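**Q** Numbering (the UniProt record's numbering), first residue to last: 1 to 512.
All C-beta atoms in this analysis are idealised placements derived from N, C-alpha and C, irrespective of residue type, glycine included.
Only a predicted model underlies this, so the values are computations on that prediction, with no experimental measurement involved.
Here it is, the structure, as structure tokens.
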């Protein structure tokens with residue numbers, strides 16, 4: 001009886017170990033760290049949209065009326081100072097500051113993808129996060145003395161942020177298997193949504209407190225987190241699975257045998273073919289149109305909630321985070337479904353990408369129009385906007401992962417192009433708010449901006465559905481199997497030893 005129980009116990013332990021081995025792949029630690037890198041990057045950018053409202057807020061001036069025999073006179077009463085530091089910026093200055101980071105991303109993004117492919121995500125991401133963290137901790141001091149100095153810091157931070165996203169795409173293309181590339185891409189990208197989810201309510205609490213002066217504490221804490229994680233990233237992440245010392249030979253063999261990318265080596269970019277490729281242009285179009293919507297939600301919606309719906313700083317932080325909570329849940333779910341559908345081979349990759357893109361972005365456009373019909377019913381507006389942004393993240397399983405389909409060898413380069421268009425869209429969206437809403441922050445002016453955003457967004461979905469592709473393009477080296485692929489790694493060779501006749505047959509097939 002005892003032996004039977006012992007045998008059963010050992011069998012259970014073996015089953016548990018087997019389950020853990022199947023789930024806990026080392027590459028998923030890499031993707032989770034990529035998620036945190038995006039998280040750290042998003043903390044800096046998204047928190048400014050709410051923190052800047054507290055930065056420019058002034059102590060209220062009270063007045064009272066005194067009645068005497070000769071009539072009525074109004075007397076202003078100086079308020080008791082809250083003790084918090086404020087900056088002397090206008091609403092237009094606020095919009096310009098929110099644009100600064102996007103100018104930085106735009107300045108670097110044409111080159112960022114290639115920089116990442118040449119120097120690798122390990123060094124590029126760690127240096128970018130470290131510099132952003134340091135400058136963020138200096139931002140409150142500089143902002144109180146110079147608008148231009150603060151503006152310059154945000155431009156430089158934007159340049160660093162523009163290096164992070166393409167680097168993570170390079171990492172995904174090198175570390176993910178073909179059957180997991182949609183989900184791994186979503187896991188990494190969702191770090192940005194989680195960053196918004198955490199930063200907005202946390203920043204709302206901090207700016208309403210007296211901790212480290214209120215709003216400056218946001219910059220100190222988030223900057224410090226970036227500095228710490230930059231060190232963690234450098235010591236754990238390696239550019240390719242082939243050179244990572246902690247990766248097991250079995251998992252390395254699995255990655256090399258099943259990833260779309262055929263070589264982790266640097267390859268010359270076929271610029272003319274890439275820039276004239278219709279599938280590439282179709283893939284990049286939603287980067288602009290949906291980037292406009294993302295910029296609106298991340299940068300301008302906190303102002304809309306406060307100026308039109310009258311939410312406080314603390315409440316604003318929590319409700320502004322709801323779209324990002326739903327975005328995280330929806331994107332991970334949609335990407336899991338997309339990969340499962342791809343494995344069934346019942347639908348082409350192109351069809352799957354287009355359906356998720358059209359359904360997601362179509363819902364966004366409809367939701368933006370619906371908000372204009374709800375008036376000042378605050379909870380209805382908040383729920384509608386949150387669901388709208390959440391549904392939009394379905395496109396991450398669509399056009400958002402398409403660069404890994406059509407050009408896995410140049411995922412960083414295409415990621416850089418996407419960042420360029422997203423940055424242009426962000427600049428345009430913030431400029432649109434500055435011109436359409438301006439200093440007259442009426443509900444109707446905001447509604448005009450939402451109408452424009454809805455039209456722009458659905459346009460991107462239509463272009464992608466008409467001209468997008470799910471096949472690796474002929475100018476990408478991964479579209480043609482290479483004989484050298486199976487000779488570079490000794491552990492890979494051990495699995496593919498064949499007799500002389502079979503080897504000769506394979507060579508004939510390759511030559512033909």
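1) Quick one: what's got a C-beta closer than 7 angstroms to residue 116's C-beta in the same chain, skipping five residues either side?
2) Determine the burial state of residue 41: buried for a count of at least 16 other Cβ atoms within 10 Å of its Cβ, exposed for fewer.
3) Using only the alpha-carbon positions, how far apart do residue 378 and residue 296 sit?
4) Please go through the same chain and pick out, in chain order, the residues whose beta-carbon is closer than 7 angstroms to the beta-carbon of residue 478, but skip the five residues on each side of it.
5) Throw me the rounded Cβ distance for the residue 465 and residue 358 pair, which I believe falls under 8 angstroms.
6) Give me the Cα-Cα distance between residue 419 and residue 360, rounded to the nearest whole angstrom.
7) Are any of the Cβ atoms in chain B nearer than 8 angstroms to that of residue 300?
8) Mind listing, in chain order, the continuous alpha helix (DSSP H) runs of no fewer than 4 residues lying wholly within the segment 77 to 126?
9) Have a look at 191, 25 and 97 and flag the residue whose alpha-carbon is nearest the alpha-carbon of residue 53.
10) For residue 234, tell me which candidate among 30, 369 and 475 has the shortest Cα-Cα distance.
11) Please classify residue 308: is it buried, with 16 or more other beta-carbons within 10 angstroms of its beta-carbon, or exposed?
12) What do you reckon, are the CB atoms on residue 237 and residue 140 nearer than 8 angstroms?
13) Using 8 angstroms as the threshold, is the segment 182 to 196 in touch with the segment 32 to 50, meaning 3 or more CB pairs across them?
14) Tell me which same chain residues have a C-beta within less than 6 angstroms of the C-beta of residue 288, skipping the five on either side of it?
15) Taking the C-alpha atoms as reference points, what is the distance between residue 246 and residue 403?
16) Please report the distance separating the alpha-carbon of residue 574 from that of residue 334.
17) Which residue comes first and which comes last in the alpha helix (DSSP H) that contains residue 162?
18) Alpha carbon to alpha carbon, what distance is there between residue 475 and residue 347?
19) Would residue 306 be called buried (16 or more neighbouring beta carbons within 10 Å of its own) or exposed?
20) Under 8 angstroms: do the segment 247 to 254 and the segment 454 to 465 share three or more Cβ pairs, one atom per stretch?
21) Classify residue 324: buried if its beta carbon has 16 or more other beta carbons within 10 angstroms, exposed otherwise.
22) Is DSSP giving residue 444 helix, strand or coil here?
23) Could you give the distance in angstroms between the alpha-carbon of residue 267 and the alpha-carbon of residue 433?
24) Leaving aside the five residues before and after residue 468 along the sequence, list all residues of the same chain whose C-beta is less than 8 angstroms from its C-beta, in chain order.
25) Is the separation between the beta-carbon of residue 255 and that of residue 270 shorter than 8 angstroms?
26) Is the separation between the beta-carbon of residue 371 and that of residue 450 shorter than 8 angstroms?
27) For residue 291, name the three-state secondary structure that DSSP assigns.
28) Would you kindly work out how many angstroms separate the C-alpha atoms of residue 103 and residue 276, rounded to a whole number?
29) Might you give, ordered along the chain, the residues of its own chain that have their beta carbon closer than 7 angstroms to the beta carbon of residue 48, omitting 5 neighbours on each side?
30) Nearest by alpha-carbon distance to residue 135: which of 161, 118 and 435 is it?
31) Measure the CB-CB distance between residue 204 and residue 304 and report whether it falls below 8 angstroms.
32) Looking at the structure shown, is residue 405 part of a helix, part of a strand, or coil, going by DSSP?
33) If we ignore side chains and look at the alpha-carbon of each, how far apart do residue 186 and residue 397 end up?
34) With distances taken Cα to Cα, identify the nearest neighbour of residue 243 among 152, 211, 175 and 363.
35) Which residues in the same chain as residue 159 place their Cβ atom closer than 8 angstroms to its Cβ, once the five residues preceding and following it in sequence are excluded?
**A** In short:
1) Only residues of its own chain outside the window of five on either side were considered, and among them 124, 163, 166, 167, 170 and 412 have a CB closer than 7 angstroms to the CB of residue 116, listed in chain order.
2) The residue is buried, with at least 16 neighbouring Cβ atoms inside 10 Å.
3) If I take the Cα positions, the gap works out to 18 angstroms.
4) If we look at residue 478 and ignore the five residues flanking it on each side, its Cβ neighbours are 260, 261, 262, 408, 409 and 472.
5) The pair is a contact, with the Cβ atoms about 5 angstroms apart (cut-off 8 angstroms).
6) When rounded, the distance between both Cα atoms is 20 angstroms.
7) Note that chain B does not occur in the displayed structure, where there is just one protein chain.
8) Entirely contained in the segment 77 to 126, the alpha helix (DSSP H) runs reaching 4 residues are, in chain order, 91 to 119.
9) Closest in alpha carbon position to residue 53, among 191, 25 and 97, is 97.
10) Closest in alpha carbon position to residue 234, among 30, 369 and 475, is 30.
11) Burial call: buried.
12) No, these two residues do not count as a Cβ contact at 8 angstroms.
13) At 8 angstroms Cβ cutoff, the stretches touch.
14) Annotation for residue 288: 421 and 425 place their beta carbon closer than 6 angstroms to its own, counting only its chain and skipping 5 residues before and after.
15) Their Cα atoms are separated by approximately 28 angstroms.
16) Look at the range of the chain in this structure, 1 to 512, and you will see that residue 574 is not part of it.
17) Run containing residue 162: 147 to 175, per the alpha helix (DSSP H) assignment.
18) One alpha carbon belongs to residue 347, the other to residue 475, and they sit about 24 angstroms apart.
19) With 16 or more other Cβ atoms within 10 Å, it is buried.
20) Contact between the segment 247 to 254 and the segment 454 to 465 is not established, with fewer than three Cβ pairs separated by less than 8 angstroms.
21) Its Cβ being crowded by 16 or more others within 10 Å, residue 324 is buried.
22) DSSP places residue 444 in the helix class (H, G or I) of the three-state scheme.
23) Answer to the nearest angstrom: the Cα atoms are 42 angstroms apart.
24) Cβ neighbours of residue 468 beyond the five flanking positions: 279, 282, 283, 350, 353, 354, 357, 399 and 402.
25) Their beta carbons are not under 8 angstroms apart, which means residue 255 does not touch residue 270 by this criterion.
26) Yes, these two residues count as a Cβ contact at 8 angstroms.
27) Three-state result, residue 291: helix.
28) The straight-line gap separating the alpha-carbon atoms of residue 103 and residue 276 is approximately 26 angstroms.
29) Spatial neighbours of residue 48 in its own chain (CB-CB distance under 7 angstroms, excluding positions within 5 residues in sequence) are listed in chain order as 98.
30) Residue 135 has its Cα closest to that of 161, out of 161, 118 and 435.
31) The Cβ-Cβ distance between residue 204 and residue 304 does not fall below 8 angstroms.
32) DSSP places residue 405 in helix when its eight states are reduced to three.
33) Going from the Cα of residue 186 to the Cα of residue 397 covers about 7 angstroms.
34) Answer by Cα proximity: 175.
35) 104, 105, 107 and 108.
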